[in-house]
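Each residue of the sequence shown is one higher than the last, beginning at 634 in the numbering used here.
Even for Gly, the Cβ is constructed at its ideal location relative to N, Cα and C.
Worksheet: one structure, shown below.
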Amino acid sequence: MTINLKVDDLSLLSLCAILRRFDGDLLQSFASFDASALTELLASDRVVPVPELPGSFQVREDVWTDVLARLRAEHPDDELMLHEEAFVRFLQRLQDDPSIPERRDHEERCFYHLEALRVPLIERREWERIRHYVAVLRAARPQAQRHLHLLSLYDGFDALHIPNYEVGEAILSTLVADPSLADDIRMRAFNMLAQIHWFQTQYDQALEFYRQVHILAGVTTNPTFQAHALLNMSMVYHEIGYYIQALELSEQSLHAYQALDDTYHEAHAHYEVGKNAIQLGRWQDAQHHLDAADVIYVRLGVESQLANLYCLRAQLHHALGDEVESKMWYLRSLEIGRSQQHGDPAVTMDAWLLLGFLYQTQEHWSEALAAYEQAATIAAGLRNTHSLALTHFRCGEVYKVQGLTHAAANAYRKAIDLLETLRGAAAGEEVKLGLLGATQQIYEATILLLLEQGRHAEAYHFVQRARARAFLDMLAQKSPELYASFDQPVATLAEIQAHLPKDAVLVEYFTTGVLPRGDSLINRLPLNNARLRKHLTTRPSILIFVVTHDGLEIYRPLLDPNTLRPLPHDAGPSRRLLERPRLLTELHKRLIAPFQHVLQDRQLLYLIPHGPLHYVPFLALCSASGEFLLDRSGPAVAMVPSATILLRNCLACPRGRGRGLLAVGYNGVGERELRYAEVEARAIARLLGGEAWTGPQRKTDSLIEPARHACWLHFAGHAVYDPQDPLNSALQLGEDEALTARTIIGRLNLQADLVTLSACTSGLSHVVPGDELFGLQRAFLYAGVPSVVCTLWEANDLVALLIMELLYTALRAGVPVAAALRDAQVTIREMTGRDLQATITRLHSDNPELAAALNDMIGVQADLDTHLFADPFFWAPFMLIGGPR
């Protein structure tokens, strides 16, 4: 229903709507209204009496809604002004020390108007103004417990924006621990705690707090904070690169704000939807939402937010190839960002940095360097390490084009040194602007330039630093409490060579220019915007570093690593490659043949894949003449997460600390029930005289101490891989019981020489951009185990039992694990039906349960002379990760 109002009526009713409840004397004290107008209003049906306050009135609900809508649309600044005037007037009355009933009323009104004031003031980033109002209200000595709680909430908010995260977290944690705290204030405190964790890159904790906010908002029927939680979660997901999730959440928040007629936050939601759309290359959607945000911000007069918006508009036009329009928007952003009234150095810094990049893509080198200098000066003043690092990197890119390679290398080094001072990429310092590239690109450019300069040892050292940095960034996002445990010095080439025996070789791969799959800014750039594309990516390539105890050789095969990227949601990319034998031969030619001569007379080969190469089934690679990388006369193969992990965690780990074997097996239930996991655990325990824990009963708590002292740990059963949170990947130990990678690292201090994960998908891991495997096997390495045997894809039950029997028989005889696994795999590859029968006959006396299981699995009698398991599908999934002994 729309209420027809005259201008004078709107002015009077606006004041009434802001005050909530009023009488004639109160209205007259604010402004000189005609007495007859007041009498007419109070006698009209536009206002209704307040039953509990005789003589007081409030605006009828439908009129109140319409008046506020008109006020915000036609005179947006008046709402702020009226709340401010009301706050000051009631504060004065509170300071005059009225009687107790009046004091309670004035105190409540002061907090009501301050709460209303904070929304537009926060949008305008007027922190000092907020601090002033809080301080004068505190000085008036409020007494209601709710109001004291709100003052603590405001203190936490202030600490958040100083920023002093430790103080803010302490204040807010104390507040939420108070059992008398109202749910609505608790919800807001959770929201601020989420921000504190977010701004310290503790993303999982931040998301959990935001989920609590969303739940409490539902319980308290607070749709505004439900919308806030959705919008904030979208921003966290955007920051960690999950743009699809970010877009979905920001769209949900937008619809919620529109339903609430919350124009300030509606504009912000439009901005976030537009920002996510840009990252996904959805240009028209981005333009639509940025236009909508622009209209609202202009109407509300929120100039400070326009600076951010214009900077984002400029990025959109740059992506679309409209460089003239892009420059215009950057300059408009700078105009607002540098203004005295609405200035924001952080926005100004971003605009200079991105404008410099625009100049760089236009090959206006001097203008680019000048803009980068402006950005660097502001970044240094703000102590914004990440942005300062990006300016050095971009300057290095300019120097390189200008032929100043020494200056370029120095600039790259400064950028990396700055990045490595950060614990992860702090939210306040991470410039997630899309067009500036990612941290990994800085390392790639540095490594390629050093190779061009012939500085091979330095290039290899930066390969180690790149791997370490990517892993630590992921860890800071997912498990910051474990960060210190893994922040160790990277291995130098000299250290690696000193630990390599003469009969060993370490082969480390490094990929550059790997692009994301699916919708992304880089994949959706218009074809005619070639020069932007050139500056956004490094040249796709694969580098092979071959390290021996006395040498370093480098190869660059002609192979684009992007061709090896798995398809989205592909659960078995390695196994998928097995279906293309010609590709396996081609990959052998590109990835193995260049250093094949180095393998002559070597006993051990360490392989360190990188990027998409983690999905390559290296052991199944076969030369054109039919020779596999894995051969009885060739070196044993150990996969390694990184050279630093090899030295610090695998080779440095003492052996022989534990005693005996502990095998854990669980078949599971339902459709995914396994038949032989528990049989396998008992068989291995019998073979080595160890102990087997099988069945559905809980095991984790009782496992901690025995596992710590075992020499060999064997897990048979299902493993669950979590691609969104690899440290949440887990072994299924019993019914509704999982042993996660996070628990393994945090609680298991192991002395075992070997852990075997004979579990479905045990070797699947997340490939961090620029880094290495990140999952269960790495968790055991960090828990103190030097060697882990696992599978790259789900192994055949029969083969798994045979491999394990051969492996542990050799281990019992003292054969090193790398050689034992190689010989077991080759034996299986060469096994005929006759050989299998002989194995079962042997086991009938030694291990009848295992023999019975093998007999049960064989089914139809196979040809006695057929090589039953020659296909790499059977023998190639098994791999050793870590040390070879």
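Leaving aside the five residues before and after residue i along the sequence, list all residues of the same chain whose C-beta is less than 7 angstroms from its C-beta, in chain order.
i, result
"T1499", "T1465 and G1466"
"S1112", "With a pLDDT of 48 at S1112, under the threshold of 50, the modelled position of this residue cannot be trusted, and the question is left open."
"I1377", "A1412, F1413 and A1416"
"V1031", "Q993, W998, A1001 and L1002"
"L1519", "In the structure as shown, the chain starts at 634 and stops at 1518, and residue 1519 therefore has no counterpart that could be examined."
"K908", "H871 and L945"
"E717", "L750"
"K1135", "H1182"
"A1310", "G1298, Y1299, N1300, A1349 and G1350"
"L715", "S647, L648 and I651"
"K639", "Residue placement at K639 cannot be trusted, given a pLDDT of 43 that sits under 50; the coordinates are not used to answer."
"Y890", "A860, H898, E899 and A902"
Apart from the five residues on each side of it in sequence, which residues of its chain come closer than 6 angstroms, Cβ to Cβ, to residue i?
i, result
"C1283", "P1419, G1515 and G1516"
"G767", "Checking the sequence, you will find Val at residue 767 rather than Gly. For V767, where only same-chain residues beyond five positions count, the Cβ hits under 6 angstroms are Y787."
"R1166", "L1158"
"H1168", "T994"
"G1244", "T1144, V1147 and P1194"
"V1421", "V1388, Q1410, F1413, I1514 and G1515"
"Y1005", "G989, T1024, R1027 and C1028"
"A1443", "A1453"
Work out the CA separation of residue j and residue i for me, nearest whole Å.
i, j, result
"P1214", "F1506", "11 angstroms"
"K960", "G1029", "22 angstroms"
"V1123", "P1268", "26 angstroms"
"F832", "L704", "35 angstroms"
"T1277", "T1181", "15 angstroms"
"F744", "A719", "11 angstroms"
"N1017", "I795", "14 angstroms"
"L1519", "A940", "Because residue 1519 is not part of the residues shown, which for the chain are 634 to 1518, the question remains open."
"S1275", "I1317", "30 angstroms"
"L1320", "V1096", "43 angstroms"
"V680", "P775", "31 angstroms"
"R1308", "A1226", "41 angstroms"
"Y1354", "E1427", "12 angstroms"
"T1054", "E1077", "19 angstroms"
"W962", "A947", "5 angstroms"
"D1468", "P1510", "21 angstroms"
"A1090", "L1240", "19 angstroms"
From the DSSP output, which residues share a beta bridge with residue i?
i, result
"T1327", "G1298"
"Q1365", "A1371"
"W1345", "L1294 and L1387"
"G1515", "S1420"
"V1140", "V1179 and L1240"
"C743", "C743 pairs with nothing; no bridge assigned."
"P682", "F690"
"V1270", "L1238"
"C649", "Answer is none; C649 lacks a bridge partner."
"H1500", "T1465"
"F1261", "C1255"
"T1145", "S1174"
"F842", "F842 is not bridged to any residue."
"F655", "F690"
Cutting at 8 angstroms between CB atoms, please list the residues of its own chain near residue i, excluding the five before and the five after it.
i, result
"G688", "D656"
"P1339", "L1295 and E1324"
"T1171", "Q1074, E1077, A1078, L1081, T1145 and G1146"
Is the stretch 1217-1226 touching the stretch 1251-1267 in the sense that three or more CB pairs, one from each, lie closer than 8 angstroms? yes
In chain order, which continuous runs of the beta strand (DSSP E) of length 3 or greater are located wholly inside the stretch 1169-1248? Here the runs fully enclosed are 1174-1181, 1184-1188 and 1237-1241.
Mind the definition here: the stretch 1467-1478 touches the stretch 1225-1232 only if three or more C-beta pairs lie below 8 angstroms; say whether that holds. no
Does the stretch 1237-1248 come close enough to the stretch 1186-1199 to have 3 or more Cβ pairs within less than 8 angstroms? yes
I'd like to know if the stretch 1174-1185 and the stretch 1134-1154 are in contact, where contact means that at least 3 CB-CB pairs between them fall below 8 angstroms. yes
Pairing CB atoms from the stretch 932-948 with CB atoms from the stretch 695-710, are three or more of them under 8 angstroms? Yes: the two stretches touch, three or more of their Cβ pairs being nearer than 8 angstroms.
Which full runs of the alpha helix (DSSP H) of 4+ residues lie inside the stretch 909-953, going along the chain? 916-933 and 936-952
Three-pair Cβ contact test at 8 angstroms for the stretch 837-855 versus the stretch 812-825: Between the stretch 837-855 and the stretch 812-825 there are three or more inter-stretch CB-CB distances shorter than 8 angstroms, so the stretches are counted as touching.
At 4 residues or longer, what runs of the alpha helix (DSSP H) sit wholly inside the stretch 845-910? If only uninterrupted alpha helix (DSSP H) runs of at least 4 residues are considered, those enclosed by the stretch 845-910 are 856-872 and 876-893.
Meets three-Cβ-pair contact criterion under 8 angstroms: the stretch 728-745 and the stretch 693-704: no
Give the list of continuous beta strand (DSSP E) stretches no shorter than 3 residues that lie fully inside the stretch 978-1010. Correct list: empty.
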